[in-house]
Each structure stands twice: as structure tokens, then as C-alpha cells.
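Here's the structure, in C-alpha cells; my notes come after.
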Amino acid sequence: MLGAIFGDICGSVYEFHPVESYQFPLLTDKSQFTDDTVLTLAIADALMNKKDIAKTLKAYAREHVFKGYGLRFNDWVWDEKSEPYWSFGNGSAMRVSSVGFLYDSIEDVLEYAQKSAEVTHNHTEGIKGAQATALAIFLARQHASKDEIKHEIETRFGYNLSKTLAEIEKNYRFNETCQGSVPEAIIAFLESEDYESAIRNAIWLKGDADTQACIAGGIAEAFYGDIPESFKEKIYTSLPQEMLEIIEQFYAYMDFKNSIIEEDLACIEKNFHTLIYKVINDDFPSINTSNITLPKLTIPFDTKSKQWIGIEGMYGGFSYTFDDSDCVLKFFVENWCRIFDGLDKKHIVTAEGFLCVGANIM
Numbered sequence: 001m002l003g004a005i006f007g008d009i010c011g012s013v014y015e016f017h018p019v020e021s022y023q024f025p026l027l028t029d030k031s032q033f034t035d036d037t038v039l040t041l042a043i044a045d046a047l048m049n050k051k052d053i054a055k056t057l058k059a060y061a062r063e064h065v066f067k068g069y070g071l072r073f074n075d076w077v078w079d080e081k082s083e084p085y086w087s088f089g090n091g092s093a094m095r096v097s098s099v100g101f102l103y104d105s106i107e108d109v110l111e112y113a114q115k116s117a118e119v120t121h122n123h124t125e126g127i128k129g130a131q132a133t134a135l136a137i138f139l140a141r142q143h144a145s146k147d148e149i150k151h152e153i154e155t156r157f158g159y160n161l162s163k164t165l166a167e168i169e170k171n172y173r174f175n176e177t178c179q180g181s182v183p184e185a186i187i188a189f190l191e192s193e194d195y196e197s198a199i200r201n202a203i204w205l206k207g208d209a210d211t212q213a214c215i216a217g218g219i220a221e222a223f224y225g226d227i228p229e230s231f232k233e234k235i236y237t238s239l240p241q242e243m244l245e246i247i248e249q250f251y252a253y254m255d256f257k258n259s260i261i262e263e264d265l266a267c268i269e270k271n272f273h274t275l276i277y278k279v280i281n282d283d284f285p286s287i288n289t290s291n292i293t294l295p296k297l298t299i300p301f302d303t304k305s306k307q308w309i310g311i312e313g314m315y316g317g318f319s320y321t322f323d324d325s326d327c328v329l330k331f332f333v334e335n336w337c338r339i340f341d342g343l344d345k346k347h348i349v350t351a352e353g354f355l356c357v358g359a360n361i362m
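Each residue of the sequence shown is one higher than the last, beginning at 1 in UniProt numbering.
Encoded structure:
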């Protein structure tokens, strides 16, 4: 999320004063956060703290006035009603970055990106822009390659991401629509070499600089893993305390979630390997298990059921093999559940349904 915020700050001075060369100063004495940052943090606050999205957006915008809000959004903010206004502007995409970080399945990311957008931007293109941005961030977090991200976004949303920045820049004009700015912002990321170049690429397009840098910056942070400390310092010295507290909560949550996942993965891998060795020792005592190297496990987590749902793509009712130079083990898997510490029975890893009903030498 810091990647999106810093992109907004960098682009703030270039929104209506396009850069003249690629080597423009990222920051000037006029650089400041805009509506992109305000509403990005509003969405993060609403989702993390289970608040009403529309009410939270209005509260943040009313607290931080004169930050460059669009005319229709500003009217919506001060209207006592909260009816969406069929917008397909890129405001839905600029504020969505936290969704790509907070949720751990494509289904959840798309669902909450839509929820974050449709309180104002209920036009199909407005929703699409938010979903495409959030999904790109999610895929980058999952270590997808740029080619994989490009293919997924093009396939799902019909965006043309095959144009180059050089081709776009020749005839590009200021465009605040999702369909006219989100694909270009994603391309700015795709052609980047690091976080900073993603920001430069987005601003160099000479379009809606703060918003496109915000979008590209959010994706770049997820893909490259972080942003430079000096960039963070600019954020920490530019934002008011209440915004910094939301940022602190967001990253504390992300650190906690990531540590739990890493610890559980290590535990699951250890216990599944223990199961395999136990099966070998009990049923095939002639095999020397010290000579067997078992594969590393990749185990996805399902946020809806709160369960680990697979080991190397294994599903209940199927059989799988672990191929080693000394032997090949075949496992018959009945069903799935999260794996806990300890072995309850000879061929069972958990009391809640993950059941390996046999192991044979092939």
C-alpha cells in the first residue's frame, strides 16, 4: 500500500504539468498526498475494521478536503444519500490497492474490489478497473511472473497490455476513465525494472500522473517486495498521524498473516514428511529412509473455509506419487483438512479429515 501512496505523492505535481523528460525529479517541494492516498487509506480502514465502505469514504473525504476529488465524487461526499453515480472514472482503481494485499484468493479479491468500487463507481468499467488493479497486486504477491500477470488481466478484463510505453506515449492524452488509464498504468509496471522505474514509467506517460503512478506503484510494491526506505520516509513525514496509524495497522496485519502462514507451512511439511517416513518404516522396514529426500510441499490456504486445501495440487479421492531415486511411494488420499501437530494414527495426519489411506512401493 505504501507503493501506491508514494506513487500518488510523486505524481501530484505532474498531473497538470507533464514531465519533459524521463529523468524528472521524483519529488519537489510541492509534492504532496492527494485524494488517491486519502481514499486508499479509507478503503483499507473500512475493510480491516469492518466499517461501512461508503460511510468511511465520506468521513475521510470530509476530514481531508481540497485534495483533488472529482466533481461527482465530491458531490456524493456531501450528499446525505449514498447512491452510486454510474461512474467509470479511475477513482475506483486508485483506491483499491489494499484489497490485493488483504485477501488470499482470487474470488475474494474480485469480490471486495467490486464492493470497494460500486458504492460510487457501479459502471461495469469502473468495477473492472478496480478488479484489474487489485488482481494484478494479488498475483504479484503470489510471485506470478509479469507474463502471467499480463495474461490473466488480458484474459479476464479484455485490456490490451501488449502495447509498449513508447507506442502509448506518442499519442497519449490525459484520461481519467478506467478503460483509458488503468491498462496504461499496468503496462508502466510491466515494463519496469524496479519500483522506482514503475513510478517513472507511469508519470512519463503524461496522463493522470498521480493516479497512474498510484496504480503502478501498488502493483510494483507487491511484485518487487518493498519500496526504498527513503521513499517510506517521505510518506511518514507527509501524512497526518491518523493516516499513519492505519498504515501501521495494515502492515502489522500483513506481517502477522505472513508469519502464521510460514509457520504453518513449515509445521505441515514437517508432519507430512514424518507421516511418509512412518509409513515406510512400518510397512517397508527394509528401506533405509535416511537415503530418501522428500519433496518440498506447496500448500494453498482457502480463506473461506479457513483450511489448507492441498498439497502439490492433491485432492480427495485421487492417488499421488512421490518419486525418489530409491523408491516411488503411492498415496491414496481420501479428503482434505488442515494438518495439525502429531500423528493420531498410523496413516492419518489430522483428526479433521486429511486422510492418507495407504502407501505402497510402485
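Ideal placement from N, C-alpha and C gives every residue a C-beta, glycine not left out.
Backbone CA spacing between residue i and residue j [nearest angstrom]
i, j, result
"Pro183", "Glu233", "29 Å"
"Leu47", "Pro240", "20 Å"
"Lys81", "Thr211", "26 Å"
"Ser21", "Met94", "24 Å"
"Glu176", "Gly89", "6 Å"
"Glu118", "Ile127", "6 Å"
"Ile137", "Asp79", "32 Å"
"Ala144", "Phe223", "8 Å"
"Ser192", "Lys257", "28 Å"
"Tyr85", "Leu57", "15 Å"
"Asp45", "Asp226", "21 Å"
"Met254", "Glu242", "19 Å"
"Gln131", "Tyr112", "8 Å"
"Ile149", "Ile203", "21 Å"
"residue 385", "Ala220", "Absent from the structure is residue 385, since the part of the chain shown begins at 1 and ends at 362."
"Phe101", "Val19", "31 Å"
"His151", "Gly3", "23 Å"
"Val99", "Asp35", "18 Å"
"Ala42", "Asp194", "27 Å"
"Lys67", "Ile9", "12 Å"
"Ile187", "Asp108", "24 Å"
"Ala59", "Ile246", "14 Å"
"Gln142", "Ser97", "15 Å"
"Leu244", "Ile153", "31 Å"
"Ser12", "Ala209", "7 Å"
Segment limits, alpha helix (DSSP H) that includes residue i
i, result
"Glu83", "No alpha helix (DSSP H) holds Glu83; DSSP gives it neither H nor E."
"Met48", "35-48"
"Asn201", "195-204"
"residue 402", "What the structure shows of the chain is the stretch from 1 to 362, and residue 402 is not part of that stretch, so it cannot be assessed."
"Arg72", "71-78"
"residue 412", "Here the chain comprises residues numbered 1 to 362, so residue 412 is not present and cannot be evaluated."
"Lys234", "229-238"
"Val182", "182-190"
"Asp8", "2-11"
"Asn171", "165-171"
Counted within 10 angstroms of its Cβ, other Cβ atoms place residue i as buried (16 or more) or exposed
i, result
"Glu312", "With a pLDDT of 35 at Glu312, under the threshold of 50, the modelled position of this residue cannot be trusted; read the value that follows with caution. Per the 10 Å Cβ criterion, exposed."
"Thr124", "exposed"
"Ala61", "buried"
"Thr321", "Here Thr321 scores only 46 on pLDDT, less than 50, and its place in the model should not be relied on; the value that follows carries that caveat. Exposed."
"Tyr236", "exposed"
"Gly7", "buried"
"Lys170", "exposed"
"Tyr251", "exposed"
"Gly129", "buried"
"Asp29", "exposed"
"Ser92", "buried"
"Asn160", "exposed"
"Asp75", "exposed"
"Ser87", "buried"
"residue 390", "Nothing about residue 390 can be reported from this structure: the residues present for the chain run from 1 to 362 only."
"Asp147", "exposed"
"Arg173", "exposed"
Minimum Cβ-Cβ distance from residue i to chain B less than 8 Å
i, result
"Tyr14", "Among the protein chains of the structure shown there is no chain B, as only one such chain exists."
CB-CB length for residue i against residue j, believed under 8 Å
i, j, result
"Thr120", "Phe157", "Rounded, the Cβ-Cβ distance is 19 Å, inconsistent with contact."
"Ala185", "Ile199", "Their Cβ separation, rounded to whole angstroms, is 11 Å, which puts Ala185 and Ile199 out of contact at 8 Å."
Report the residue ranges of all alpha helix (DSSP H) runs contained in full by the region 84-152; include only those spanning at least 4 residues, in chain order. Counting whole runs of 4 or more residues, the region 84-152 contains the alpha helix (DSSP H) stretches 91-94, 97-102, 106-118, 124-141.
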